[in-house]
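Shown next, in structure tokens, is the structure this report addresses.
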Amino acid sequence: MWRAFVSLGHIAVDFLFPRLCCGCGERVFESCELVCPRCLKSVRQLTQPLCPVCGMEDAPAGRKCEHCPAGEIFFSAARAVAPYEGVARTIVERLKYNYREEYAPWMAMRMLEVARSEFAHVAFDAVVPVPLHRTRRRERGFNQSELLAHPIAKAFRVPLALSALRRVRNTPSQTKLNKRERADNIRDAFSVPDPPAIHGKVFLLVDDVYTTGATLNECARVLRAGGARDVYCLSFCRATLQSFAN
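Heads up, the sequence shown is in this note's numbering, so the first residue is 16 and it goes up one at a time.
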């Protein structure tokens with residue numbers, strides 16, 4: 016009886032407040048989906064072969080590519096769901112800038128599929144979201160990386176290690192910076208508050224977008240310096256040559 020009542024309630028909510036596709040604005044009839052089937056089909060996968068390190072598409076097989084972070088790389092591999100373009104880009108931007116926190120679980124499930132496929136050989140000890148500085152978090156009201164990381168940690172049945180990494184410097188926006196400027200801008204922006212707590216552990220580092228890899232590489236550097244054994248990176252979107260051009 017109660018289940019029937021709840022089901023009727025869901026039907027009423029869907030009728031009064033229909034979910035709209037964040038790509039085209041048409042009604043989405045599956046309450047668990049963000050986009051309609053047509054827009055979902057337009058979200059393309061990254062073109063193989065991927066760089067084994069940074070995950071850039073159309074990369075030379077078997078070695079790091081020219082799009083990997085400059086200098087030493089501190090993570091073992093980075094992977095993403097889709098290129099940072101079209102509907103996928105819209106989803107990320109609405110989560111971050113339109114405060115659509117309800118998008119995060121759907122995005123996280125897509126990321127989880129990639130992680131289970133690409134990192135099937137890895138036994139993670141914990142999931143770490145890229146932290147925001149407290150000032151930025153207060154302005155936004157949430158950390159999008161944390162929203163994405165939470166369902167992933169739950170699915171892997173490992174801790175969400177919110178205290179493993181701290182942002183100690185409120186850096187200017189990376190948006191308009193080139194690859195080298197991003198690396199310089201983010202240097203020494205993070206710290207490990209409790210090195211013994213992360214010693215010898217393997218972490219899955221989660222962010223919404225991999226652009227040049229500067230932020231993720233700096234996070235990985237600090238985690239490794241603090242005693243972590245290994246770091247893998249997972250994002251919803253990956254910037255490609257096409258998205259850089261746009």
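Virtual Cβ for every residue (Gly too), placed ideally from N, Cα, C.
Exposed or buried, what is Gln-159 when buried is set at 16 or more other beta-carbons lying within 10 Å of its beta-carbon?
-> buried
Taking all protein chains shown into account, decide if Glu-161 is buried (16 or more other Cβ within 10 angstroms of its Cβ) or exposed.
-> buried
Measuring alpha carbon to alpha carbon, tell me which of Thr-255, Leu-256, Tyr-225 ends up nearest Ala-92.
-> Tyr-225
Decide if Arg-197 is buried, meaning its Cβ has at least 16 other Cβ atoms within 10 Å, or exposed.
-> Buried.
N- and C-terminal bounds of the beta strand (DSSP E) containing Pro-211 | Element bounds for Pro-211: not the beta strand (DSSP E) but the alpha helix (DSSP H), 210–213.
In whole angstroms, what separates the C-alpha of Arg-131 from that of Phe-139?
-> Answer to the nearest angstrom: the Cα atoms are 11 Å apart.
Exposed unless 16 or more other CB atoms sit within 10 angstroms - verdict on Arg-155 = exposed
With respect to the beta strand (DSSP E) encompassing Phe-218, which residues constitute its N-terminal and C-terminal limits?
-> 217–225
Helix, strand or coil at Ser-91 [DSSP, three-state] | coil
Within 10 angstroms of the Cβ of Asn-193, are there 16 or more other Cβ atoms? Answer buried if so, exposed if not.
-> exposed
Fully enclosed by the segment 38–112, which beta strand (DSSP E) runs are 3 residues long or longer?
-> 92–98
Backbone CA spacing between Glu-230 and Gly-70 [nearest angstrom] | The question names Glu, yet the displayed sequence has Thr at residue 230. Going by the C-alpha atoms only, they are around 15 Å apart.
Measuring alpha carbon to alpha carbon, tell me which of Cys-36, Arg-94, Trp-121, Tyr-99 ends up nearest Val-135.
-> A quick correction: the sequence has Ala, not Val, at residue 135. Nearest of Cys-36, Arg-94, Trp-121, Tyr-99 to Ala-135, Cα basis: Arg-94.
Touch test, the segment 201–221 against the segment 170–187, Cβ-Cβ under 8 Å, three pairs minimum = Contact between the segment 201–221 and the segment 170–187 is present, with at least three C-beta pairs closer than 8 Å.
For the beta strand (DSSP E) that Pro-174 lies in, which residues bound it at each end?
-> If you look at Pro-174, you'll find it isn't in any beta strand (DSSP E); DSSP assigns it neither H nor E.
What is the rounded straight-line gap between the Cα of Val-143 and the Cα of Leu-256?
-> 28 Å
Roughly how many angstroms separate the alpha carbons of Gly-241 and Glu-233, rounded to a whole number?
-> 12 Å
What does Pro-144 pair with, by DSSP beta-bridge criteria?
-> Val-221
Is there at least one Cβ from chain B nearer than 8 Å to Glu-128's Cβ?
-> The structure shown has no chain B; it contains just one protein chain.
Thinking C-alpha only, which one of Leu-249, Ile-88, Thr-62 is nearest Glu-294?
-> Lying before the first or after the last residue shown, residue 294 is absent from the chain, which here runs from 16 to 261.
Taking one C-beta from the segment 47–59 and one from the segment 101–120 each time, how about it: are there three or more such pairs within less than 8 Å?
-> In short, these stretches touch, since the Cβ pair count reaches three.
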